[in-house]
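Chains as they are written, first to last, in the working numbering: chain A, 1398 to 1815; chain B, 285 to 701; chain C, 111 to 421.
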Amino acid sequence: MKFLTTTALAMGLAALTSAAAFAEDTIKVAIIEPLSGPLAANGADILERFQFIFNRVNAAGGVLGGTTFEVIGIDNGWDVEKTAQAMQQAADQGVDFVINGIGPQHAAAVQGFIKKHNDRNPGNEMAFLVHSATDSKISNENCTFWQAVFDPTVEMKLQALVEGMKAEKFGSKVFMINPDFEFGHAVDEGFKSLVGAGETGLELVGAELMAPFGQVTDFTPLIARIQASGADVVLTGNFGPDLIGFIQAATDAGLKAKFATLYGDDPSSMGALGADRYIAADVMNPVEYNENDTGGVAVLEELNVEYREVIKSNYGTDRYRMMVDGLVAAIGKAGSAEPKDVMANIGGVEIASAGGTGYVRAEDHQLIIPYFVMGVDKEAKHTVLFKGDDKGFGWKTRYLVPAEDMAMATRCEMTDKP
Amino acid sequence: MNLSPPRLTLLAILAVFPVALPWIAPTNATLSIATQMLVWTVMALSYNISFGQTGLLSFCHAVFFGAGAFAASHAVNAAAGEGLLAGLPLWIMPIPAFAAGALTAFIYGLFLASRTGVAFVMITMALATLTVSTVDNFDSIFGGESGVSIDRAFQDSFLGLVSFGPQRQAYWLVLAWTALAAGLMWLLTRTAFGQLAAATRENEERVRFSGQSTYRIRLVAMVLAGGFAGLAGALHAINIEQVSVEQFSLKTSAFAMFMCVIGGARVFYGPILGAVLLSALDKVLPGYTGSWPMYLGLVFCAVLIFSPDGLAGIGKGIAQAFRAPGARVQVLGRLLGRALAVAVLAFGTILAVEMATVLSSQEAMVVRDAVPVLGLSVDATSPTYWLLALALIAAGAWGAKHLVPPTKSAGAEVPHA
Amino acid sequence: MDVLPFVILNGALTGMLLFMLAAGLTLVYGLMGIINFAHASFYMLGAYLGYQFTVTLGFVPGLILAPAVLGLLGVAFRRLILFRIGIQDQVRQLLITFGAAMVVTEGVQMIWGRYAVAYHAPRAMLEPLFNLGGLDFPIYRFFILAVATGLFVAIYGLLRFSRVGLILTAAQARPQMVRAMGYDLDHIHDLVFGLGLAVAGLAGPMIGVYPVMAERIITLLFVVVVVGGLGSLIGALVVSLVLGLIDTAAVTYRISLEPVVNSLFGPQERGTFLFDIASINTTTFAPMLPYLLMLLVLLLRPRGLMGQRDL
């Protein structure tokens, strides 16, 4: 009797999962991000942003004369194996485009799966759109025809940051702290090679890797070492609890150093630290968009207002819109929404941005756009708002890096063009 | 064993159904879930060798699982390359994985086998935490955050027939190995060693007095458990084609433990029940609710308090009640009453949990007044629904308390120190 | 910069923080034989409650109410749940506290969301108390130190000199005898359990409030309790301080194997086995040390440093 119950249960569950989740005749997009676990906040936020932007496109008539996008979110629980399983789910539901970006390990897992899947299932291919480039290898050695990256690489961001620091005379002695995993290693090595090339005008007085993801709770010894090194700028790729604890400890101890960060613009960090600490740390951060500087682009002015109203958060990140625009443009160019055709046409697509026009480079499907280096501004007109909670301060542009400077060389050689 | 015709048909269905699954439900997602169920079945059964059979609650079991998974992954990558192992077929990989798991269990067992009870648990926790910290450091072997990925279809064909690329082929391979492993583990319970291990769980002093070395018994039990866990690890690697150090964590061991406790640690098929149910829920539920870990925790606590022998115990209790002389109608009535009370309690809890989750979530696009709960649309902001949820919980709890008798299952349930 | 005083100061602060959390756990185990896996989750609940009370009522009311609520919850937990499982069946007790830990942790995340909450100490407390070697030490950290020390003195005094304390200590060694003398152990156990959790509730808001706090710390707390000795408050204090000092020292004096490996084999490339060996340093090693200690203690001296009985 027990066995029978188990069997019945198993069959029932099998039937349940076979049911298709998607409607027919739409372009299916799956967003695979952590919706539970330590990064659930970031994942949920990104899912919401994409849903907002795709809804806008659908409301304006969709693509190819009326075809709409259908977007679902799949949780990977910040676990690489769950990402692989989520891809399996996506594949079975007939997803055309997978979007992912939080965590280099997950992007690598998605890319690995897509390559095997497309190989084993010709005609049913999927394409990968990366919204945050934290893994250098997927853009270089492991690049593939089936992906497009809509975020400057770590090297490009560092280049922008360095140019901003030079232009603003932000400091001269740099102490670098990065989280000890692939992304942190990339920042560490990237910056070291920039300094080594001798064009930064900066001196590296210390470089360390620390245990990531909230494992370090006491930053005081680290602050002591930074002080002893005589650094006047701290460069860090830390994010989330690693950044919050770090800046908190530094400002508490009265450390006389400015902060050049890569993830200082994360709203939850801003909220946890507060305006005073950010100002005390004089945070400088490179990002693709700052709503106090739209460059007069009409759609951005609209989005600034609309997003605030609907989502109760400020529209501080623009690369998701750039990705969707790129996708839509490629579909239009190809005349079809099949991943194969879209990826064949995505190279060369032009993207509007606040700093000027950018484009998707055909060589490696990499987004090349002008980049802003921002600084904290207590008098900002548009302050940072997150889920109805106004942080009381915002960002201003300190330096604008032109697109040509961002177009760094790539080691990508696409060998799998169909 | 009673081999009456109804039982035989039952067993026949159970044997045929898994094999026929790829034709009954051919979607990749279903097969992937089914393969996961098989992997967890082997894992849970292996966990029960140390837990249910020998009475050792271990939090480092996942280490053996991970050891097998990584051994298999490296072996596959080596076989796909040109070195020593080039050309080794995929289907043989669970064997080196078993060896890796068993060896790791042996090394750990040298430390573990000298203690039982709570001391044992603590040592496993310490070992597991140490292992995770250490392997985190060795990116060269364990691949860091990305882990190690493999391509199971690295050989273009096995016997000229299959490459194991498509999910259904991987499923059959895993099914074959699962059947073999489960069969071996079942045989183990029948051997003298199996009986001895069970005796150690019941009364350690007595076994020692009879001249057996309980240290050696526990060590052997751990090695076998570790070996099969390693085997499960290989099957996991074959299914997902991606392994990471996450597999060594306490969470993985805990999940295996949950399967044994909820399924029932005293009977051989208890962990199978637990594995099938929990791994299916773990795959399916997150699509419907964000609070799956909460439900799992609640069910776990409920089982521990009310039915320490797990689902298998409940099933046995029901079967016994029906066999006992007396009014069948009465028995049936009580059974239905209990089932109803539990259902009411469950419904109220789900209502409360889902409403709480939605209310506290901060996404602006989340709809708060039309929350989908079990097919109904519920307004999480309205006090009426909250009162309803609380009333249901109270009613269900009262009913459960008065209709479910206090549990005194035959013999001790879970081992004590 | 004079490093040694810095290491001692910082280490002591970290250690006392750990002690505040472990004190409740060791009391409960030593006197009741219950290993409470859910201790860290209750501490997390206390932290979030403290945050909530601070936001609605103020810092000081928060500091008083959070432990109070948690103490009551502790009594309820013991009566409703732990009671049902015989005191003899230790492993099953462990399991149910494990389940409770999961439920409480998930519950907290369900109610307060999965975001780190912005918990700020009152402005006045963030002023530096003094400056050591160019770094300010805010008053806040010493407030924590003061509270932890006061706690230790209070509990120790309670156990050693009060009537209740004497009964408790006796009940730990000879429970039947104490019952035979007419004392109601049940109420006493309620008191101990509630007190243990209340202390955790006090520690919670002081340390920082974020969703994964419980999982991170529970194993470390077990180390303190086991190595210090079950039920021994002084043992817990000593071990907490030692662990705090070792942790700070290891992170401050960063000694790694890199020079050794590089001199023997030359500089290594990332991703190779030798590179991994070279990158082993005291910072990565320090978190492992407590567990090594626990392992040694469990294998060689199960009663810990100052415990009364074996685990």
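Where a beta carbon is used, it is the ideal one built from N, C-alpha and C, also for glycine.
Under the three-state reduction of DSSP, B:M377 is assigned to coil, being neither helix nor strand.
At a cut-off of 8 Å between beta-carbon atoms, B:S316 makes contact with chain A. For C:T259, DSSP records no beta bridge to any residue. In this structure A:H1503 is in contact with A:V1477, their Cβ atoms being roughly 6 Å apart against a cut-off of 8 Å. Of all residues in the segment 573-587 of chain B, those with a C-beta nearer than 8 Å to a C-beta of chain C are S575, P577, M578, L580, G581, L582, F584 and C585, reading in chain order.
Uninterrupted beta strand (DSSP E) stretches at least 3 residues long and entirely within the segment 1645-1700 of chain A occur at 1655-1658 and 1681-1684, given in chain order. Look at A:F1769 here: in three-state DSSP terms it is strand. With respect to the C-alpha of B:S494, the residue from B:L503, B:V504, B:T668 and B:L480 having the closest C-alpha is B:L480. Using beta-carbon distances, C:S389 counts as an interface residue toward chain B, with a partner under 8 Å. In this structure, A:Y1756 sits away from A:D1715, with a CB-CB distance that is not shorter than 8 Å. For B:T484, the uninterrupted alpha helix (DSSP H) segment begins and ends at A476 to E486. Here C:M142 is buried, its C-beta having at least 16 other C-beta atoms within 10 Å.
The C-beta distance from A:V1527 to A:V1546 rounds to 4 Å, short enough to fall under 8 Å. For A:I1469, the uninterrupted beta strand (DSSP E) segment begins and ends at F1466 to D1472. Of C:V349, C:E379 and C:T207, the smallest CA-CA separation from C:R188 is found for C:T207.
Remark: C-beta atoms of B:G517 and B:F349 approach each other more closely than 8 Å. Chain order gives the chain B residues near C:E216 as S575, P577, M578 and G581, where near means a beta carbon separation below 8 Å. Contact annotation: B:S357 and B:V432 have beta-carbon atoms nearer than 8 Å. DSSP, read as helix, strand or coil, puts C:S366 in strand.
Interface flag for C:I365 against chain B is unset, since no Cβ pair is found closer than 8 Å. Here the alpha carbons of C:V335 and C:A132 stand approximately 7 Å from one another. Nearest Cα to B:T311 within the set B:F532, B:P570 and B:R452: B:R452. A direct Cα-Cα distance of roughly 50 Å separates C:A283 from B:G427. For A:I1429, DSSP records a beta bridge to A:I1471.
For A:G1603, DSSP records a beta bridge to A:F1572. An exposed status is given to C:Y363, since fewer than 16 other beta-carbon atoms sit within 10 Å of its beta-carbon.
Nearest to A:D1673 by alpha-carbon distance, out of A:M1484, A:W1475, A:R1453 and A:K1788, is A:K1788. For C:N372, the closest Cβ of chain A is not nearer than 8 Å. Residues are counted here when their Cβ sits less than 7 Å from a Cβ of chain C; for the segment 1518-1538 of chain A the count is zero. For a Cβ distance threshold of 8 Å, residue set R380 of chain C lies close to A:H1582, ordered along the chain. Partner residues in the beta bridge of C:F247, as assigned by DSSP, are C:F240. Straight-line spacing of the CA atoms in B:V527 and A:Q1486 works out to 18 Å. Here B:Q614 is exposed. Its C-beta has fewer than 16 other C-beta atoms within 10 Å. With fewer than 16 other CB atoms across the displayed protein chains lying within 10 angstroms of its CB, B:Q604 is exposed.
Contact between the segment 1575-1586 of chain A and the segment 1550-1565 of chain A is established, with three or more Cβ pairs separated by less than 8 Å. Per DSSP, the unbroken alpha helix (DSSP H) holding B:L620 starts and ends at R612 to S644.
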